[in-house]
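Encoded as structure tokens, the structure appears first; notes follow it.
There are 2 protein chains.
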Amino acid sequence: MTIVSVKQALAGVQAGQAVTVQGWVRTRRDSKAGLSFINLADGSCFAPIQIVAPATLANYESEIKRLSAGCALRASGTLSPSQGQGQAFEIQASAIEVTGFVEDPETYPIQPKAHSMEFLREVAHLRPRTNLIGAVARVRHTAMSAIHRYLGAQGFFWVNTPIITTSDAEGAGDMFRVSTLDLANLPRTPGGGIDFGKDFFGKEAFLTVSGQLNVEAYCLALSKVYTFGPTFRAENSNTARHLAEFWMIEPEIAFADLDADATLAEGFLKAIFQAVLDERMDDLAFFAERVEPSVIRRIESFVREPFARLDYSEAIRILEKAPRKFEFPVAWGIDLQTEHERYLAEEHVGRPVVVMNYPEAIKAFYMRLNDDGRTVAAMDVLAPGIGEIIGGSQREERLDYLDRRMLQFKLDPAHYQWYRDLRRYGTVPHAGFGLGFERLLVYLCGLGNIRDAIPYPRTPGSATF
Amino acid sequence: MTIVSVKQALAGVQAGQAVTVQGWVRTRRDSKAGLSFINLADGSCFAPIQIVAPATLANYESEIKRLSAGCALRASGTLSPSQGQGQAFEIQASAIEVTGFVEDPETYPIQPKAHSMEFLREVAHLRPRTNLIGAVARVRHTAMSAIHRYLGAQGFFWVNTPIITTSDAEGAGDMFRVSTLDLANLPRTPGGGIDFGKDFFGKEAFLTVSGQLNVEAYCLALSKVYTFGPTFRAENSNTARHLAEFWMIEPEIAFADLDADATLAEGFLKAIFQAVLDERMDDLAFFAERVEPSVIRRIESFVREPFARLDYSEAIRILEKAPRKFEFPVAWGIDLQTEHERYLAEEHVGRPVVVMNYPEAIKAFYMRLNDDGRTVAAMDVLAPGIGEIIGGSQREERLDYLDRRMLQFKLDPAHYQWYRDLRRYGTVPHAGFGLGFERLLVYLCGLGNIRDAIPYPRTPGSATF
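Top to bottom, those sequences are chains U and H. Residues 1 to 465 in the numbering used here are what the first sequence spells out, letter by letter. Residues 1001 to 1465 in the numbering used here are what the second sequence spells out, letter by letter.
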């Protein structure tokens, strides 16, 4: 018997041949004709495959008729064209081996019905068996794979910047401390402070909030690089829009300006979206039907149309003239709020838009000062239905300008000596951006809560937390 | 002018056309004929490209003759067949723009000479500009990409298990604590203990040592899954063989036994090694010349020959009969030491060998008890030149056996309730393994110290640490 996945079987791989499929029961229906129809899923695609189990199976009465949602089995038989609607192939079973029943089917948490998202977060170890979370997991995989594939094909090298770090990328943001000190018995300095010299790394250490500064050093050697790994923010973890732990992609390109950065961001996003359309239409169809009706339409329009580009100052003029009242007043110098971003993307241009050249006072110290002296070469990619999805900039490659910006932001240049070195030795214009992966996934799947975009949500009531 | 990478230029992409290359100077040599030869690298491949700069360039005297190692420039000109040896193409420059000189070339840390590895770890932000670390970074990228490519092509889904966790995968190993508590002012319980209810997650949290238990839940829904992300061990960080932070790959397959696990491990390793041979021969040639002469030969033989398989009990008999004295005495029941592993792989079978079915007492609680009652379905892949490279097992899918193993290891089943659930609801035989990525990279590159396999070594003297 050839073992095939449900995806292969539904595609007719080995049609007419004897095959074995393996997976978990979604439903079982017994016909009056004395046979049973079992829908079996293995996670390889959205749809289950139908197993036709005749009463002649040796374990038909003893096991097949006891099968309930969640039971695990191996079914062997002929892969045959299906008479039923909605599927091309089914298995005419000649043997079924049950590897695992469900203990007390009445109380099994994953019943064949719709569950609330809140409930599913509490059974995080079982929720990948649901249609919804299974589909999210597959789209997550496809989008992440597409990121590696696209950047690899463009000649980028993946660089793993440190997760545990002794410095903060932006001089801001609440960080998690990483330590092996015994809290019940903290070592003290003569002055009474905590003696971090006794900690694992001999100094204070934290979880990274961004790999950007570190990856810049690799950019100035390998030309095209990116980070893709977990990052951490110790803030706002109990909202539907923020995570304490999330995956971030940060490409960085040498000999590049802000325009090149925007061009990369557009090609990059479109490649991810196209991969999801190409490979996960079955999952998207489910999201469109059950979660967010516009999900396929907006991905298709995202891929089809060129992004608009808009200067920040022009964006402010557009917002000032907008025929609507914003909660946050608009004036040159403000940071754009989600309501502003969505108005620009959804109502003004009607497609993704890159807003460029923001006021220098509201952007990070490493962003390149423009010739006007009051803006920096920063960009945000704003998308309909979500607002900001990517933030990036050309980096300040001139040491004297960088030093002035650091002083302005009250950062100690001595603390950034290695970062300054990159400008002392063979400096080049370079640019990059950051993308929070789960924020993108929420958009791709139409999810309402970002905690459903990660495999294990941190919910206080969760069995796994 | 078409911008091309050095890799493209050396391959003759746009040969005969006007192109621009961008990168950093490796060397400059002035000829008596009144022109200069500049070797320019951009990190896209091992070799630099030669730029021929005639004295007629406007900035020849003012800038070109000042160029030293590390300076950054853009060179435009015709991509022409090279007269020189060792390269097919060179650039006949019509213009060179210097974007960054090297401040004080005499003290620039990366001189065009061999540096000690110790010194390079102290300039971690500049060392990717060296031949050696640039090559390591490229091989790292290729091997990591090959992992995603191979597993993706086999139908595996990448699952991101939590980095911050409240449980320990193996009930062992020193972990890093993650906390936002103010150490100078720790909250206390009425009994005087630390009140972790006030910590960020409302309980004690640590950095993960393995995603295996978490990914098993996804395996029992999606059938073929893997983790690939950073893991942490707060031990032994100052050796040449251990890292506190390293990347680990953990594939997990449903409906699989230990044989299937060993077969996956073999196909997986060979795919990685083959990708490095196919894509990074230029870098491997450098390692073979400067670092470890056998590096290409051993990768080629790794790929060419089938792995041997050996029962642990048989391995013990072989070691007992070995015509040599081991530092650690051999007897049934011991855990194999590196000297034993290397004897088996290098001297006894002369190629990679999978040792299977270890004594249950020395292996983790989640490994499946064999019918003999005294061994578990565990395996280690041992390779010549390094010893253990992969460790894996079939997981105990029977709840009653798992419970007995947990009690034997003094683990509290209540703490693993969600993990027990996976055996209560549709359990299936499943198996997986773990591979520490940097350990593999050390082997691929022939490195002597694992800290050179990560982008940023944590060296006390390092400018970036």
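By construction, the Cβ of each residue, glycine as well, lies at the ideal position given by its N, Cα and C atoms.
Extent of the continuous beta strand (DSSP E) to which residue 467(U) belongs: A query on residue 467(U) cannot be resolved here, the shown segment of chain U reaching from 1 to 465 and no further.
Euclidean distance between Cα positions of residue 1383(H) and residue 437(U): 37 Å
Distance CB(residue 91(U))-CB(residue 79(U)) smaller than 8 Å: yes
Closer than 8 Å to chain H by CB, residue 379(U): no
Same chain only: Cβ atoms within 6 Å of residue 1401(H), ignoring 5 sequence neighbours per side: 1369
Extent of the continuous alpha helix (DSSP H) to which residue 1418(H) belongs: 1417-1424
Assigned exposure category for residue 169(U) - 16 Cβ within 10 Å defines buried: No answer about residue 169(U) holds up, because its pLDDT of 46 lies below 50 and its placement is not dependable.
Contacts of residue 125(U) in chain H (Cβ-Cβ under 7 Å): 1217, 1418, 1421 and 1422
9 Å Cβ cut-off: residues of chain H touching residue 352(U): Per Cβ cutoff of 9 Å: no residues; residue 352(U) is ~26 Å from chain H at best.
Cβ of residue 1429(H) within 8 Å of any chain U Cβ: yes
Residues in the stretch 1179-1195 of chain H having any Cβ partner in chain U nearer than 8 Å: 1179, 1180, 1181, 1183, 1184, 1186, 1193 and 1194
The stretch 1054-1078 of chain H: positions lying closer than 8 Å to chain U by Cβ: 1070, 1071, 1072 and 1074
Rounded distance between the beta-carbons of residue 1430(H) and residue 1254(H), thought under 8 Å: 5 Å
The stretch 1131-1138 of chain H contacting the stretch 14-25 of chain U, beta-carbon criterion three pairs below 8 Å: no
Helix, strand or coil at residue 1248(H) according to DSSP, with G and I counted as helix: strand
Cα-Cα separation, residue 1268(H) to residue 306(U): 40 Å
Where residue 1050(H) falls, given that 16 or more other Cβ within 10 Å makes a residue buried: buried
Cβ distance (whole Å) where residue 468(U) is taken to contact residue 1138(H) below 8 Å: Residue 468(U) is absent from the model: chain U starts at 1 and stops at 465.
Extent of the continuous beta strand (DSSP E) run through residue 227(U): 224-232
Whole-Å CB distance - residue 125(U) paired with residue 1422(H), under 8 Å assumed: 7 Å
Min CB distance residue 448(U) to chain H below 8 Å: no
Where residue 1406(H) meets chain U, residues with beta-carbon distance less than 7 Å: Neighbours of residue 1406(H) on chain U: none; closest Cβ ~17 Å, over 7 Å.
Reference residue 232(U); option with closest CA among 323(U), 248(U) and 296(U): 248(U)
Spatial distance of residue 1083(H) from residue 1039(H) (CA atoms): 15 Å
Contact list for residue 1250(H) against chain U, beta-carbon separation under 8 Å: In chain order: nothing, as chain U lies at least about 13 Å away.
For residue 1212(H), the three-state DSSP class (helix, strand or coil): helix
Whole-angstrom distance between residue 1262(H) and residue 1350(H), CA atom to CA atom: 18 Å
Residues within the stretch 1016-1047 of chain H neighbouring chain U, beta-carbon criterion of under 8 Å: 1022, 1023, 1024, 1025, 1042, 1043 and 1044
Short CB-CB distance (under 8 Å) between residue 277(U) and chain H: no
Amino acids of chain U, ordered along the chain, whose beta-carbon sits closer than 8 Å to that of residue 1456(H): 161, 162 and 214
DSSP-derived helix/strand/coil call for residue 1333(H): coil
Members of the stretch 1086-1115 of chain H near chain U, C-beta cut-off 7 Å: 1099, 1100, 1102, 1103 and 1108
Chain U contact for residue 1207(H) (CB, 8 Å cutoff): yes
Cβ of residue 1460(H) within 8 Å of any chain U Cβ: yes
Residue 1205(H), enclosing beta strand (DSSP E) - first and last residue: 1205-1207
Counterpart residues of residue 78(U) in DSSP-defined beta bridges: 18(U) and 92(U)
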